[in-house]
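Set out below in structure tokens:
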């Protein structure tokens, strides 16, 4: 039953409603790789809003129900605030990972292998 649920979730993820690019792990900035490690460990996270639900209001990611997506800040060197870079994860535990460097205007799906 669980395998079937995962299959349907991954099938929905594989058919995005909008164009989403792709990025390999080694193409991410070093700060994004550190953020991924923090996500894998479950924290601690440097920003209070890390882990909040990402609503996907812009509908640039595949449509999902409920609180499927969560967002995490990717620190920007020299920025005095959170900056524009984020990693968005989907599922629990995370099944899919996206990176944006322009505050949700565009996304690239992170391929971790």
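Residue numbers (our numbering): 75 to 187. Even glycine gets a Cβ: it sits at the ideal position worked out from N, Cα and C.
Check                                                                                                     : Outcome
4 or more residues per run - each alpha helix (DSSP H) lying fully within the segment 108-161             : none
DSSP bridge partner residues for residue 106 (one or two, in chain order)                                 : Beta-bridge pairing links residue 106 to no other residue.
Neighbourhood of residue 178 by C-beta, 6 Å cutoff - its chain only, sequence neighbours within 5 removed : 132
Where residue 100 sits in the DSSP three-state scheme                                                     : helix
N-terminal and C-terminal residue of the beta strand (DSSP E) that residue 94 is part of                  : Per DSSP, residue 94 belongs to no beta strand (DSSP E) and is neither H nor E.
C-alpha gap between residue 174 and residue 163, whole angstroms                                          : 11 Å
Distance CB(residue 183)-CB(residue 94) smaller than 8 Å                                                  : yes
DSSP state of residue 171 mapped onto helix, strand, coil                                                 : strand
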